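Participant:
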Amino acid sequence: MTITGSVGERGVNRKEDVMAVQKLLTAAGRYSGSASGVCDATLIKAIRGFQATFATHPDGRIDPGGTTLKRLVELAPPPPPYAGPGAAADWSGDSSQWTREKKLQSLEPGFRVKVEAVLAALKASSFEPRIVFGWRSVAVQQKLKAEKKSTLSFSFHCSQHKDGTPNSWAADIIDKRWAYGKDAEANGFWAALGAAAKAEGLVWGGDWKSFPDVSHIQGRANSELAAVRAESGL
Numbered sequence: 005m006t007i008t009g010s011v012g013e014r015g016v017n018r019k020e021d022v023m024a025v026q027k028l029l030t031a032a033g034r035y036s037g038s039a040s041g042v043c044d045a046t047l048i049k050a051i052r053g054f055q056a057t058f059a060t061h062p063d064g065r066i067d068p069g070g071t072t073l074k075r076l077v078e079l080a081p082p083p084p085p086y087a088g089p090g091a092a093a094d095w096s097g098d099s100s101q102w103t104r105e106k107k108l109q110s111l112e113p114g115f116r117v118k119v120e121a122v123l124a125a126l127k128a129s130s131f132e133p134r135i136v137f138g139w140r141s142v143a144v145q146q147k148l149k150a151e152k153k154s155t156l157s158f159s160f161h162c163s164q165h166k167d168g169t170p171n172s173w174a175a176d177i178i179d180k181r182w183a184y185g186k187d188a189e190a191n192g193f194w195a196a197l198g199a200a201a202k203a204e205g206l207v208w209g210g211d212w213k214s215f216p217d218v219s220h221i222q223g224r225a226n227s228e229l230a231a232v233r234a235e236s237g238l
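Numbering (our numbering), first residue to last: 5 to 238.
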């Protein structure tokens, strides 16, 4: 769960963001009101009360990508798995053409939360992020390798449960205005993506020396790739 603007004391307090914070505080046992979307004194008091458990000077405000939001997300129940009628029907077709929500649902749940935080941070910085790939099949990965667009025949994108349900540990993200064009770098998008990813403890492909992959972020270290492949039953 993420927010696009600050919530609480002197915050932007967009209704959908306030509702998200109210739900997170409720899950943390710090708020008993309804998820009304209205920021009032009761909510600010609840924010301060939660912050007092870890901060010396609670300010009553929650910012996108901030410590308070991260701690609340850590306490929230994990996102539910995709609840469709069956893996074969739901996950077929070109995964680069899936909806944004379906791409997010194809990610490993804990990684998904961090990707959503990255997207929110980019949006808050006036970028227009779009996920190109979440999960992708081994067949697509091997095609990319043959086209010299990747060095791997199996990547963290291909991670799945042993029943074939996607459980990707990687996502490729662009700004929809510039895609992979030179304007993306000129406008600071790749640098912002890398900073947002690393703020969430993720790996950014732009740091790789031998094969930089500026749109790529992942939730596991490269040294774990063989283990992820084994976990996937592939």
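Virtual Cβ for every residue (Gly too), placed ideally from N, Cα, C.
Since the structure is predicted, the reported quantities are computational estimates derived from the model, not experimental observations.
With distances taken between CB atoms, is the gap from residue 12 to residue 34 smaller than 7 Å?
Facilitator: Taking the sequence shown and counting its residues from 1, one reaches residue 12 at position 8. Taking the sequence shown and counting its residues from 1, one reaches residue 34 at position 30. Not closer than 7 Å, so no.
Participant: Could you give the first and the last residue of the continuous beta strand (DSSP E) run that contains residue 133?
Facilitator: Start at 1 with the first residue of the sequence shown, and residue 133 comes out as number 129. First-last of the beta strand (DSSP E) with residue 133: 133-137.
Participant: For residue 176, which residues of its own chain have a beta-carbon under 6 Å away from its beta-carbon, when the five flanking residues on both sides are left out?
Facilitator: The residue labelled residue 176 in the question sits at position 172 within the sequence shown. Correct list, in chain order: 136, 137, 219, 220.
Participant: What residue does the alpha helix (DSSP H) around residue 94 start on, and which one ends it?
Facilitator: As a working note, residue 94 is residue 90 in the sequence shown. Segment 91-94, the alpha helix (DSSP H) holding residue 94.
Participant: What number of angstroms, rounded off, separates the C-alpha of residue 23 from the C-alpha of residue 70?
Facilitator: As a working note, residue 23 is residue 19 in the sequence shown. As a working note, residue 70 is residue 66 in the sequence shown. Distance between the alpha carbons of residue 23 and residue 70: 17 Å.
Participant: Should residue 123 go down as buried or exposed, given a rule of 16 or more other Cβ atoms within 10 Å for buried?
Facilitator: As a position in the sequence shown, residue 123 is number 119, starting the count at 1. Label assigned to residue 123: buried.
Participant: With a floor of 3 residues, list each beta strand (DSSP E) that falls wholly inside the segment 113-162, ordered by position along the chain.
Facilitator: Listed in chain order, they are 133-137.
Participant: If we count the other Cβ atoms within 10 Å of its Cβ and call it buried at 16 or more, is residue 226 buried or exposed?
Facilitator: Looking up residue 226 in the sequence shown gives position 222. Exposed is the call here.
Participant: Could you check the C-alpha separation between residue 97 and residue 145 for me, to the nearest Å?
Facilitator: Looking up residue 97 in the sequence shown gives position 93. Looking up residue 145 in the sequence shown gives position 141. Taking the straight line joining both Cα atoms gives about 14 Å.
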